[in-house]
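Asks:
2 protein chains.
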Amino acid sequence: MSTQEGKIEPMSLRHAVLGLLSAGPASGYDLLKTFELSLENVWPATQSQLYAELGRLAQEGLVRVAAEGPRGRKEYEITEEGRAELRHWLVEVSPAVNRRSDMLLRVFFLDQVGTGAARGYLERLAERAVHEHDQLLGIREFVIGQGDDALRLYGDIALEWGLRLTAAQREWAEWAAGRVAALEQEKAPEQEKALEQK
Amino acid sequence: MSTQEGKIEPMSLRHAVLGLLSAGPASGYDLLKTFELSLENVWPATQSQLYAELGRLAQEGLVRVAAEGPRGRKEYEITEEGRAELRHWLVEVSPAVNRRSDMLLRVFFLDQVGTGAARGYLERLAERAVHEHDQLLGIREFVIGQGDDALRLYGDIALEWGLRLTAAQREWAEWAAGRVAALEQEKAPEQEKALEQK
DNA sequence: GTTCGACATGTCACTGATGGAATGTCGAGC
DNA sequence: GCTCGACATTCCATCAGTGACATGTCGAAC
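Listed in order, the protein sequences are those of chains B and F.
FYI, in this note's numbering the residues of the first sequence are 2 to 199.
FYI, in this note's numbering the residues of the second sequence are 2 to 199.
#1: Taking 7 Å as the threshold (beta carbon to beta carbon), is Gln48(F) in contact with chain B?
#2: Determine the extent of the alpha helix (DSSP H) in which Val108(F) is found, giving its start and end residues.
#3: At a CB-CB cut-off below 7 Å, which residues of chain F make contact with Ala130(B)?
#4: What is the residue span of the alpha helix (DSSP H) that Ala118(F) lies within?
#5: Mapping DSSP to helix, strand and coil, what is Leu64(B)?
#6: Helix, strand or coil for Glu10(B) per DSSP?
#7: Please confirm whether Ala85(F) and Pro11(F) have their CB atoms less than 7 Å apart.
#8: Let me make sure I understand the geometry here. Which of His132(B), Glu142(B) and Tyr30(B) has the alpha-carbon closest to that of Leu51(B)?
#9: Glu41(B) lies in the alpha helix (DSSP H); which residues open and close that run?
#10: Taking contact to mean at least 3 C-beta pairs separated by less than 8 Å, is the segment 28-48 of chain F in contact with the segment 99-116 of chain B?
#11: Using beta carbons (cut-off 7 Å, strictly below), is Ala189(B) in contact with chain F?
#12: From what residue to what residue does the alpha helix (DSSP H) around Arg88(F) run?
#13: Quick one: list the residues of chain F neighbouring Arg92(B), beta-carbon separation under 8 Å, in chain order.
#14: Tell whether a beta-carbon distance below 7 Å holds between Arg171(F) and Ala118(F).
#15: Whether or not the segment 87-95 of chain F and the segment 107-114 of chain B are in contact is what I'm after, with contact meaning three or more pairs of Cβ atoms, one per stretch, closer than 8 Å; do they touch?
#16: State the CB to CB distance for the pair Val66(B) and Lys75(B), rounded to an integer number of angstroms; the pair is presumed to be in contact (CB under 8 Å).
#17: So if DSSP puts Ala27(B) in a beta bridge, which residue, or which two residues, is it bridged to?
#18: How would you list, in chain order, the residues of chain F whose beta-carbon sits under 7 Å from the beta-carbon of Pro96(B)?
#19: Among Leu14(F), Phe36(F) and Glu78(F), which residue has its Cα nearest to the Cα of Ala24(F)?
#20: At a Cβ threshold of 7 Å, is Val18(F) touching chain B?
#21: On a Cα-Cα basis, can you pick out the residue from Ser28(B), Leu40(B), Leu55(B) and Leu33(B) that is closest to Pro71(B)?
#22: Can you list, in chain order, the residues of its chain with a C-beta nearer than 7 Å to that of Gly20(B)? Leave out the 5 residues immediately preceding and following it.
#23: Please compile the residues from chain B whose C-beta is within a distance smaller than 7 Å of the C-beta of Phe143(F).
#24: Under 7 Å between beta-carbons, which chain B residues line up against Tyr155(F)? List them in chain order, please.
#25: Rounded to whole angstroms, what's the CA-CA distance from Glu82(F) to Gly62(F)? Just pull it up for me.
#26: Just tell me which of Thr80(F), Gly56(F), Ala53(F) and Ser13(F) has its CA closest to the CA of Pro26(F).
#27: Would Ala159(B) and Leu105(F) qualify as a contact pair, given that the criterion is a beta-carbon distance under 7 Å?
#28: On the criterion of 16 or more Cβ atoms from any shown chain inside 10 Å, does Leu38(B) qualify as buried, or is it exposed?
#29: Could you compute how far the alpha carbon of Asp135(F) sits from the alpha carbon of Leu58(F)?
#30: Could you check whether the segment 150-166 of chain B touches the segment 142-154 of chain F, counting it as contact only if at least three pairs of C-beta atoms, one from each stretch, sit closer than 8 Å?
#31: Check the Cβ-Cβ distances between Ile140(F) and every residue of chain B, and say whether any is below 7 Å.
#32: May I have the straight-line CA-CA distance separating Leu138(B) from Gly146(F), to the nearest angstrom?
#33: Closest to Leu123(B) by C-alpha separation, out of Gly179(B), Glu54(B) and Leu184(B), would be which residue?
Written as structure tokens, this is what we have:
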């Protein structure tokens, strides 16, 4: 009777691995390539993390070594328990919100550097958002029409989030830069007065 | 001659601390309260982290113990070196992008749980976004007109980002749920066919 | 005068993530 | 037949972050 365990749960790397394996067996190396290619912008993982996690998952019975190939290759396969855990995580565990934001932390302290530098910071954020947006558009062109109905749909949905996020970031940063510029104007007369005083 | 060091740099906790201290001296306990209150949604920090970081900053000369009070209270003050480091970080170090997203990772694997559960997931995301948006509106009401020109401006800008982000999230999640619903409809006839077959 | 809650700091064990080193095998092309 | 790049795994040091525990002091209210 262990219905009320500690319940900490997050640890999404394992769910990323289970998710990838749910599409078919793969080796650690294969998975690493997938992480580098398609999960790079959602859940990056390093090789050391990945192999360690596969070991743990195997020990807990969520995945199994289905075959061994050349060069010590171990092909992992998701088990029924693994699939169950994946589904459980998807539908029952509420996603962790991503609170930390380096970008926003800086905004809080921008009054330390004066309006000019502050505006510069925000303008660079806007530029970066435009750049990222363009890259995502490029990816969309590239992957258009790949996969079956469901896979294409969810890929589209994820990409659309990126597009909307970068668009919102650009608009916000430009708006914010404008607000700072307004403050700059407002303060300009004061500076002139300070000069006259001298 | 150490002009070309390793340059890893991020480690924003220390810059958060420097930023807070740039507004005036404070103890670890004071800073902890500030982290819990105003930086909670941008850069959360625990007590253990905070005291450790203050110790390190003091050792490196970026902050200094300005006074000691009752109960072993140590009041920290930012030094000129600390201010320089803060400004350097603000204007010269490009902000780290926040790649990991639990929310989005799940989207990639939603095809594992069928359209009903997938739609449910997206609808809950939309609801959550609405809830967070409302909370931010509440905060805006509460802090309205606090602080001087510059402080109010940057606080406003940060809050506006939260509002725009949650609004975008809601719209996206609702749009996505709609797309999934469309796929559901499309598949319904197939299911009927499958039933007839039997 | 005692008690209790807020003030205040310090330390520890653990986990997830990063980056790099070490080691080795296979197969295609020269 | 050799060589080199891709394949493939394992191990390790380090760091940021989390949560819990330990310890103690001050001041207000009873």
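Just so it is clear, CB atoms sit at the ideal spot from N, CA and C, and this is done for glycine as well.
Replies: So, from the listed chains and residues:
#1: With 7 Å as the cut-off, Gln48(F) does not count as an interface residue toward chain B.
#2: Asp103 to Phe109
#3: None at all; the shortest Cβ gap to chain F is about 10 Å.
#4: Gly115 to Val144
#5: Rather than Leu, the amino acid found at residue 64(B) in this sequence is Val. Here Val64(B) sits in strand by DSSP.
#6: If DSSP states are grouped into helix, strand and coil, Glu10(B) belongs with coil.
#7: no
#8: Tyr30(B)
#9: Per DSSP, Glu41(B) lies in no alpha helix (DSSP H) segment and is marked neither H nor E.
#10: yes
#11: no
#12: Glu81 to Glu93
#13: It should be pointed out that residue 92(B) corresponds to Val in this sequence rather than to Arg. Those are Val114, Ala118, Gly121 and Tyr122, listed as they occur along chain F.
#14: no
#15: They touch, by the three-pair rule.
#16: 5 Å
#17: Under DSSP, Ala27(B) takes part in a beta bridge, and its partners are Tyr77(B).
#18: Those are Asp103, Met104 and Arg107, listed as they occur along chain F.
#19: Nearest to Ala24(F) by alpha-carbon distance, out of Leu14(F), Phe36(F) and Glu78(F), is Glu78(F).
#20: Among the CB atoms of chain B, none fall inside 7 Å of the CB of Val18(F).
#21: Ser28(B)
#22: Closer than 7 Å at Cβ, skipping near neighbours: Leu87.
#23: Going along chain B, no residue has its Cβ under 7 Å from Phe143(F), so there is no contact; the nearest lies around 17 Å.
#24: Residues of chain B whose Cβ lies closer than 7 Å to the Cβ of Tyr155(F) are, in chain order, Val108, Phe109, Leu111 and Asp112.
#25: 7 Å
#26: Thr80(F)
#27: yes
#28: exposed
#29: 38 Å
#30: no
#31: no
#32: 40 Å
#33: Gly179(B)
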